[in-house]
Amino acid sequence: MTYLTLEERPLPIGSIGTRSSGWWAMLFVIITEGAIFVFLQFSYYYIALQQPPAAAWPPSGPPAMDLSLPSTLILLASSATFWWGEHSIKCGSRLWLTLGLLASLVLGAVFVAIQGLEWSHQHFNYATHIYGSLYFTLTGFHIAHVVVGLVIIAALLAWSLLGYFNGARYAAVSTGGLYWHFVDAVWLTLFFTFYIMPRLR
Amino acid sequence: MAPNAFPHPSPQRDRASALLLALGFATGPVVLALLLTITYALTSYRCFPDGTRLETPHAGWNWVSTAVPLMYVAGIALTAIAALIAWRLWQRTKDEGPGATIELGEGRTRFLGVWGLITSALFIAILAFDLINTFLVPTCA
Amino acid sequence: MVTVADYSRVPEVTPADYGSPLAERLETLWETKPGLIGWFGTVDHKEIGLRYLVTSFAFLILGGIEAAVMRLQLSWHDQTVLTPTQYNELFSMHGVTMIFLYAMPVLSGFSNYLWPLILGSRDMALPRLNAFSYWLYLFSGLFLYAGFIIGAGPNDGWFNYVPYASKPYNPGLNQDFYALGFILFGLSQTVGGINFMVTALRTRAPGMSINRFPMMIWGTLTASAGNLLAIPSVSLAFFMLWTDRQLGTHFYNAPEGGQPLLWQHLFWMFGHPWVYAIVLPAMSMVSDALPVFCRRPLVAQTAVALATVVTMIIGFGVWVHHMFATGLPNLSMSFFNAASLIIVVPSAISVFAWIATIRTGRFVLCTASLFFASFIFLFVIGGVSGFLTAAIPVDWQVTDTYFVVGHIHYVLIGINLFAVMGGIYFWFPKMTGHMLNERLGRWNFWLMFAGFNLGFFPMHIAGLLGMPRRIYTFPDGVGWNIVNLITTLGAYLFAIGFVVLLANVLLSRKHGAVAGPNPWDAAGLEWSVPSPPPPYNFVVIPTVSSRHPLWEDRLRETEGHSSIHEGAVLDADKETLGVSTMDAIPDVILKMPHDSVMPFVLALCITGVFVGLLLLSLVAIGTSLVLGLVAALVWLWPRAELGQRTEAVP
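Here it is in structure tokens:
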């Protein structure tokens, strides 16, 4: 009956996992960022669907998967290592958190490098044709998000090394993880649009 | 502080799962969002198959005339199910608090049940309106 | 192993007393420190709310002056007050100022000031983010006006259609100022929206379950959710416009396979929800304040709250009704026609609830209640003209005429400004401790009400007479002279009424009658604290048991009794309670940040990035990014006193 009376019920103090305001703020950040990618995809399909039937889409055929497929797996792996790091700090292991974050940082950086390589291999740029505009804008938005994610992971790694986290105080890790998993999930939708969809036609 | 000064805001919360409450409320909006996007694209595409406006819809896309009304019928059916779910949840929690839900708003569970019911009804109205449009409005013209 | 239990404490519960040593201790903890650092670093929601209000009113006055000059130009045929180019920039800037820089921020101002007081909390959930949102808003306004002052303001109307906004047709910096300035503004509103969402879901008084939300929470919560989903659309549209103009992409470039109509889709996918975002919080202010002057709770509040939410949801499915004249296929348009007509239902629920509240209550006549009651009248007129244009044939007849101009002004002035005016008369005593002068208030109301209807109703007629919008002048003999003259006279009368408000505010701020905590005998938690509220808001955190905590003894409708005079102390540094989302059961003691200049610095750096983009200067962009990164790291660096690190906190 006295669920609201505060006597005799200890309440945790400060940033505690999903009860911290920062984690909730990140939840709404990814909702609004998710909306950006929805509108980017809308723009892509809106324009793609209205190309003259005679024109090839994409103009130079479906992009090769030899770089993008491995990079996709690498990005997914970085999500897994992050998840493992977060899981470890919940169990109190700072060592595994640090290693997990380090692995995510390296894997994420490799993804960016491969994506840069893929960009430099394209025979068109953003001003060549409308497909180029869409391709570089959509993937560019995503890479920008990955880079922000890498900055976040680097900060978390530094804080982990400084000993700021333990089995109860790890809200920053959960918050950063929310963002990183979001960035990875978004890549899957872009991968589908650019690499799978043209092959389905 | 009297022990009963603060009755729980949702004493009957165990009688209605959060998932069902969410379904009752969100089905109509989600169905309408999907249908608007899909049917808008389908019905528009028939008039602009190669970038220039046709007066009569492109013949290769005649299946759209059947598919679109059927989609709306399915949408109405789904939303009606959601309305039914919301109605049952509301019935189950009708006596959760004093007074009428619509006025006092006491009882958080039944409050959400009523919300689902009204929302579903409203979205059925929009979907029915759209369904009628598919018969009365010329596609391109 | 360390667990959550190691960082816990049972909050102490004591009676509330605003003159106690506890109150003094809280005052020292929560007050903004004096001096420049305090001024730039304050995170007090009341200070930020007032800044929002003052800044948005400054923009309202600027937009009003722009309108006054335009009305001179249009008062009679063939006037030469303005050149066509000046007129273009003036009407565009008027729209941008009113719809973006005034209409949303003024409501954010009210919500920022009032939310924690209404919710029974000591601050917004994310105080530094709150300050950040304000600074971004201020800088985006200055950015847009910088363009205007150097003669490069937006010049294609507030909805800025391509291809006229594209580089070949609009080579100056005008569109770049608009595109970048808007993205900056959108960022500020997004950040503010995130803060409102987290605040409503997490930092409320225990017991304030979602069914007990005051209406003002529903209004701003709905608007914030809408903004989070809608603003990305237009920010993206403006970004693509900017890359089209500066980098040579082809999004809106038809010969290269781009789609000019994509702009309209993206703009209105944002634009229509935005229209609701700038009226729903205002409607909710009326829903909370009008019943106080009817001496009874709002009729059917559950339905009115739902109507608020549903209006926004349907509002995402009506955008094509702004594009009925673009040659889209009929059947496709008819789907949006349906949603546009049905959206009247939730609005009607609100209107009938307000009318029933007045009808079944004892109406108290005063300036505030006059503004609220006239708001209903104007809402109906604006709503009916909107309902008319939702019908495709009517829209084809009146689109791009002054009929639409009349409609938008009835909606935005009627539903936004009149609610805001009533809100000022209602909450001014809470903010300053002094009542506004009632005699001046009556002059204020009748001048504005008469001037508004005299000025803006004839716009509908001008539209039906065929007068197109956005023309800088018109020839003699087309029959538009008299109707425009009346509009100009009415607009000036309206402006005089507004000046009376400014005089009243300046006069009453220090010399008005002393208000006391609850001058209107209202029901909300904000009226349980002193006026003006102390920096910490509540000396103890209240617990609520109904929608009307201060009216419970009178209404005797609910079982529980809210506890205003006894509650959790929370004085081991800046603290407030966090609660569960649905039922508001306390689940954490949140540590709140002290003043910080980092939000200001970061906002400055982000503005620097946009200046760099405008000037296409990689040096400026790079420097600003690096400095911004440093500021963000300093801001977010985990702190022991905020309970973000392993150290134990009291």
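Chains as they are written, first to last, in my numbering: chain A, 988 to 1188; chain B, 100 to 240; chain C, 114 to 763. Glycine included, every Cβ here is placed at the ideal spot set by N, Cα and C.
Skipping 5 residues on each side, what residues in its chain have a beta carbon closer than 7 Å to that of residue i?
{"i": "residue 304/C", "result": "242, 245, 246 and 249"}
{"i": "residue 643/C", "result": "131 and 630"}
{"i": "residue 734/C", "result": "722, 725 and 726"}
{"i": "residue 696/C", "result": "322"}
{"i": "residue 1063/A", "result": "1171"}
{"i": "residue 413/C", "result": "466"}
Would residue i count as contacting chain C if we go by Cβ distances under 9 Å?
{"i": "residue 109/B", "result": "yes"}
{"i": "residue 197/B", "result": "yes"}
{"i": "residue 135/B", "result": "yes"}
{"i": "residue 236/B", "result": "yes"}
{"i": "residue 1015/A", "result": "yes"}
{"i": "residue 1002/A", "result": "yes"}
{"i": "residue 100/B", "result": "Only weak support is given to the placement of residue 100/B: the predicted model assigns it a pLDDT of 42, under 50, and the question is left unresolved by the model."}
{"i": "residue 178/B", "result": "no"}
{"i": "residue 1020/A", "result": "yes"}
Output the boundary residues of the beta strand (DSSP E) element that contains residue i.
{"i": "residue 678/C", "result": "676-681"}
{"i": "residue 689/C", "result": "688-692"}
Taking CB distances under 9 Å as the criterion, tell me whether residue i reaches chain B.
{"i": "residue 1187/A", "result": "no"}
{"i": "residue 1036/A", "result": "yes"}
{"i": "residue 989/A", "result": "Here residue 989/A scores only 47 on pLDDT, less than 50, and its place in the model should not be relied on; the value that follows carries that caveat. Chain B contact via Cβ: present."}
{"i": "residue 444/C", "result": "yes"}
{"i": "residue 470/C", "result": "no"}
{"i": "residue 697/C", "result": "yes"}
{"i": "residue 259/C", "result": "no"}
{"i": "residue 377/C", "result": "no"}
{"i": "residue 319/C", "result": "yes"}
Along the chain, where does the alpha helix (DSSP H) that runs through residue i open and close?
{"i": "residue 655/C", "result": "Not the alpha helix (DSSP H): residue 655/C falls in the beta strand (DSSP E), residues 654-656."}
{"i": "residue 159/C", "result": "158-187"}
{"i": "residue 277/C", "result": "Unbroken run through residue 277/C: none, as it is neither H nor E."}
{"i": "residue 662/C", "result": "It is not in any alpha helix (DSSP H) - residue 662/C carries neither H nor E in the DSSP assignment."}
{"i": "residue 143/C", "result": "134-143"}
{"i": "residue 640/C", "result": "Unbroken run through residue 640/C: none, as it is neither H nor E."}
{"i": "residue 302/C", "result": "287-315"}
{"i": "residue 273/C", "result": "Unbroken run through residue 273/C: none, as it is neither H nor E."}
{"i": "residue 1012/A", "result": "1008-1036"}
{"i": "residue 684/C", "result": "First-last for residue 684/C: undefined, no H or E at that position."}
{"i": "residue 241/B", "result": "Outside the shown range of chain B (100 to 240) lies residue 241/B, about which nothing can therefore be said."}
{"i": "residue 1102/A", "result": "1081-1108"}
Determine, using beta carbons only, whether residue i comes closer than 9 Å to chain A.
{"i": "residue 135/C", "result": "no"}
{"i": "residue 171/B", "result": "no"}
{"i": "residue 140/B", "result": "yes"}
{"i": "residue 120/C", "result": "yes"}
{"i": "residue 280/C", "result": "no"}
{"i": "residue 332/C", "result": "no"}
{"i": "residue 704/C", "result": "yes"}
Mind checking who residue i pairs with in its DSSP beta bridge?
{"i": "residue 547/C", "result": "627/C"}
{"i": "residue 998/A", "result": "122/C"}
{"i": "residue 702/C", "result": "1000/A and 690/C"}
{"i": "residue 128/C", "result": "679/C"}
{"i": "residue 581/C", "result": "514/C"}
Can you name, in chain order, every residue of its own chain whose Cβ lies under 8 Å from the Cβ of residue i, other than the five neighbours on each side?
{"i": "residue 239/B", "result": "145, 146, 152, 153, 154, 155 and 156"}
{"i": "residue 150/C", "result": "708 and 710"}
Can you name, in chain order, every residue of its own chain whose Cβ lies under 6 Å from the Cβ of residue i, other than the five neighbours on each side?
{"i": "residue 541/C", "result": "549"}
{"i": "residue 171/B", "result": "226, 229 and 230"}
{"i": "residue 765/C", "result": "The shown model of chain C, from 114 to 763, leaves out residue 765/C, and the question about it has no answer."}
{"i": "residue 535/C", "result": "481, 484 and 485"}
{"i": "residue 309/C", "result": "333 and 337"}
Practice problem: Can you give me, in chain order, the residues of the segment 147-169 of chain B that have a beta carbon less than 9 Å from any beta carbon in chain A? | Solution: 147, 148, 149 and 150
Exercise. Give the residues from the segment 1026-1054 of chain A that approach chain C closer than 7 Å (Cβ to any Cβ), ordered along the chain.
Key: 1026, 1027, 1030, 1033, 1034, 1037 and 1038
Quiz item: What residues in the segment 208-229 of chain B have a beta carbon less than 7 Å from any beta carbon of chain C?
Solution: 210, 213, 214, 217, 218, 221, 224, 225, 228 and 229
Quiz item: According to a CB-to-CB cut-off of less than 8 Å, which residues of the segment 232-243 of chain C neighbour chain A?
Solution: 238, 239 and 242
Quiz item: Which residues, taken in chain order from the segment 1129-1141 of chain A, show a beta carbon closer than 8 Å to some beta carbon of chain C?
Solution: 1138
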